[in-house]
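Residue numbering for the sequence shown follows UniProt numbering, beginning at 1 and increasing consecutively. Backbone N, C-alpha and C fix where the C-beta goes; we use that ideal spot for every residue, glycine too. Remember, predicted model here, so these are calculated numbers, not experimental data. These notes concern the structure reproduced below.
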Amino acid sequence: MEHADSGAALAWIDACYGQRGAMQVLADLFGLALGAAACSPTTNASAALADLPQLVESERSGSILLLGPSGVGKSYVVRELAKHFDAQLFCVDVASLMADHPGAVHVGLRQAVARAATHKRSVLVLDALESLFPCSVDDRDPTSFLATELLHALEDRQQAGLLVIGMASDRSRVDSAVLDAFLDHIELLQPSVAQRRQILERCCKEFVPLEHDELDRISRLSHGYVAADVAALCRVSAERALRSSAMHDAAGRLLVTADDFAASREHIVPSLVQRPGVRQGSDPVRWSDIGGLDSVKQQLVESAVWAYTRADAYKELGIQPPRGVLLYGPPGTGKTLLAKAVATESAANFISVSIPELIKGEVGESEKALKEIFHSAQQSAPCVVFLDELDAIFGSRDASGEVGQQLITQLMLELDALHETNDAKDNGATAASAVILLAATNHPEVIDPAILRSGRLDRLVYVPPPCLADRQHILMLHMNRTPFEDALRAQLLNDECLLEGYTGADIAATVRMAALHALRRAPASHDHCLVSTLIMRAPTVP
1 MEHADSGAAL AWIDACYGQR GAMQVLADLF GLALGAAACS PTTNASAALA DLPQLVESER
61 SGSILLLGPS GVGKSYVVRE LAKHFDAQLF CVDVASLMAD HPGAVHVGLR QAVARAATHK
121 RSVLVLDALE SLFPCSVDDR DPTSFLATEL LHALEDRQQA GLLVIGMASD RSRVDSAVLD
181 AFLDHIELLQ PSVAQRRQIL ERCCKEFVPL EHDELDRISR LSHGYVAADV AALCRVSAER
241 ALRSSAMHDA AGRLLVTADD FAASREHIVP SLVQRPGVRQ GSDPVRWSDI GGLDSVKQQL
301 VESAVWAYTR ADAYKELGIQ PPRGVLLYGP PGTGKTLLAK AVATESAANF ISVSIPELIK
361 GEVGESEKAL KEIFHSAQQS APCVVFLDEL DAIFGSRDAS GEVGQQLITQ LMLELDALHE
421 TNDAKDNGAT AASAVILLAA TNHPEVIDPA ILRSGRLDRL VYVPPPCLAD RQHILMLHMN
481 RTPFEDALRA QLLNDECLLE GYTGADIAAT VRMAALHALR RAPASHDHCL VSTLIMRAPT
541 VP
């Protein structure tokens with residue numbers, strides 16, 4: 001079957017997702033497996049296809065494993081290619097299998113394969129293979145039995161015309177026997193800056209065109225975005241434009257400005273950093289949002305922010321910027337806010353690691369989780385990784401248990417690899433590839449000394465309790481968000497013993513309690529609410 005528009009179809013896929021070579025190979029395999037004319041291969045695709053079996057002439061079904069992070073476009077590309085080759089699509093996912101066949105998932109799996117095989121030109125898609133067929137070291141595990149059932153089901157369907165496509169975001173989490181069952185593995189990587197621009201142009205084709213430099217800027221700042229993230233950014237930006245101005249040009253196209261994109265970008269969490277155990281704050285924090293701590297802010301600008309904003313100057317001077325900074329000081333002094341502000345001021349992604357999520361029951365899983373976090377950071381670079389309460393796990397190896405010792409070793413390996421990776425990228429765009437680790441602790445003296453050596457967490461920044469001026473600044477920031485009577489505001493800000501011994505977190509909690517107290521007394525004013533609350537609270541710092 002000839003497809004005159006095959007070139008146009010492939011060009012559309014290329015424009016949407018980049019990955020020209022991978023898309024070409026996938027399109028050719030589609031055509032071969034379904035007995036249809038394949039799209040004209042490029043030179044690279046021809047080389048990749050040279051040693052592949054001619055599936056049309058074989059007696060068995062074709063099988064392709066499509067790998068790539070969530071949102072990169074695996075499902076969409078498969079749907080478009082199935083439509084292009086006029087093939088019927090059958091999708092199988094974990095939720096539907098378990099809902100339709102409780103306790104007998106293998107039966108549902110066999111039925112799905114059999115149902116797809118009854119059609120002459122069909123594509124069976126097995127989505128989320130890592131959930132359906134996770135790795136198992138125990139042959140008695142039910143998932144091992146399910147993997148065996150899949151292999152038997154595929155072997156029973158030794159007939160041309162059935163193309164089986166498995167999709168997974170992480171190869172290492174899929175049962176090895178299932179991986180081996182797929183003849184060809186194709187990986188879709190996260191899009192580059194140029195590819196993000198292609199996707200952006202495609203998604204914005206219904207808007208009033210942006211200037212080229214604005215498109216370039218949005219593409220550069222969309223660190224770690226995959227196709228789905230760029231599409232979400234365009235959608236949120238359009239919604240913001242509709243709410244604010246809803247202006248259209250003569251052709252009826254919506255005017256979406258660079259400001260709309262900038263504001264919307266702060267609310268899009270890149271898919272690459274959405275994983276268990278990590279968090280990314282959707283609300284940006286700037287230096288101006290943090291009261292006082294001017295000396296600490298300046299140290300962080302020089303130790304972390306400059307690694308992104310003045311990367312060329314570091315390279316020109318022939319020195320390496322720090323890759324690890326330890327914030328230490330009493331609890332509640334603003335260490336987490338400072339880490340978020342570093343990411344915001346650097347226009348970098350922010351990954352906050354939940355320490356309890358790193359502790360896994362299975363042997364080796366804790367180290368694997370830590371490794372995956374740093375891998376995510378590399379994929380979404382420039383990126384700031386924040387480890388809070390570092391002493392909870394990464395204390396002295398002599399005092400740590402077996403899991404703690406293994407995690408300490410893994411962290412040192414990741415920090416060394418991070419340093420080497422950034423060194424290797426020095427000849428390129430350092431700022432665009434930089435990953436910096438910020439860690440926080442209340443007890444720096446218990447941290448394993450090997451973690452603090454040069455090239456690892458070698459910059460220590462003390463975050464002290466706020467002085468009087470800092471406490472006044474913090475209080476002012478909070479009172480600007482919460483209404484206080486002018487007389488009470490002036491009285492509180494002129495009291496030199498104001499909140500003595502209180503940290504920033506204490507002040508925030510105090511204002512919040514005062515506001516709740518005023519809410520209970522509504523419509524009464526806020527008079528004396530703050531003072532009465534202060535008497536009832538003890539400061540964090542004695």
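Check	Outcome
Alpha-carbon to alpha-carbon, Glu357 and Val92	30 Å
First and last residue of the uninterrupted beta strand (DSSP E) at Asn480	Premise fails: Asn480 lies in the alpha helix (DSSP H), 468-481, not in any beta strand (DSSP E).
Inter-stretch contact at 8 Å, needing at least 3 Cβ pairs: the region 352-372 / the region 300-317	no
For Ala168, three-class secondary structure by DSSP	strand
Coil, strand or helix - Ala104 by DSSP	coil
Burial state of Pro382, where buried means 16 or more other Cβ atoms lie within 10 Å	buried
Nearest-angstrom Cα separation, counted from Thr148 out to Gly62	18 Å
Contact the region 114-132 vs the region 162-172: 3+ CB pairs below 8 Å	yes
Selection from His473, Val77, Ala347, Leu272 that minimises the alpha carbon distance to Asp289	His473
Proximity below 9 Å, CB of Leu387 to CB of Leu437	yes
Val72 - containing alpha helix (DSSP H), residue span	Val72 -> no alpha helix (DSSP H), and no H or E assigned at all.
One or two residues paired with Leu438 in a DSSP bridge	Val325, Phe386
Start-to-end residues for the alpha helix (DSSP H) that takes in His185	Where His185 is concerned, there is no enclosing alpha helix (DSSP H), although the beta strand (DSSP E) it sits in stretches over 184-187.
Outcome for Arg459 when other beta-carbon atoms lying within 10 angstroms are tallied against a minimum of 16	buried
C-beta contact flag for Thr503 and Gly332 at 9 Å	yes
Cβ neighbour criterion (16 or more within 10 Å) applied to Arg453	exposed
Alpha carbon of Arg217 to alpha carbon of Leu26, nearest angstrom	31 Å
Whether Phe374 touches Glu414 by CB criterion (9 Å)	yes
Span separating the alpha-carbon of Val285 from that of Leu337	7 Å
Between the CA atoms of Ile507 and Glu496 - distance to the nearest angstrom	15 Å
Arg489 versus Pro464: straight-line alpha-carbon distance, rounded	25 Å
Contacting residues, own chain, Cβ-Cβ under 7 Å from Ile268 (five flanking each side not counted)	Asp229, Ala232, Leu233, Val236
Paired residues, beta bridge with Gln88 - DSSP	Ser122
CB of Ala87 within 9 Å of CB of Arg121, strictly	yes
Pairwise C-alpha distance: Val113 and Leu132	15 Å
Beta carbon of Leu215 nearer than 9 Å to that of Glu201	yes
Residues that DSSP places opposite Asn349 in a beta bridge	Cys383
Same chain only: Cβ atoms within 7 Å of Ala429, ignoring 5 sequence neighbours per side	Residue confidence is low: Ala429 scores 43 on pLDDT, short of 50, so the model does not pin down where it sits. Its coordinate-derived value is still stated next. Correct list: empty, nothing qualifies.
Ala369, buried or exposed, once every other Cβ within 10 Å from all chains shown has been counted against 16	buried
Distance between Glu266 and Glu59 (C-alpha atoms, nearest Å)	The predicted model places Glu59 with a pLDDT of 40, which falls under 50 and marks its position as unreliable, so this point remains unresolved.
Cβ-based burial, Leu65 [other Cβ within 10 Å; buried from 16]	buried
Asp470 versus Gln320 - alpha carbon distance	33 Å
N- and C-terminal bounds of the alpha helix (DSSP H) containing Val230	227-244
Presumed contact (8 Å Cβ cut-off) between Ala82 and Val107, rounded CB distance	Actually they do not touch by this definition, with Cβ atoms about 26 Å apart.
Which listed residue (Leu468, Arg512, Glu500) has its alpha carbon closest to that of Phe484	Arg512
Beta-carbon proximity list for His119, same chain, < 7 Å, skipping 5 on both sides	Gln88
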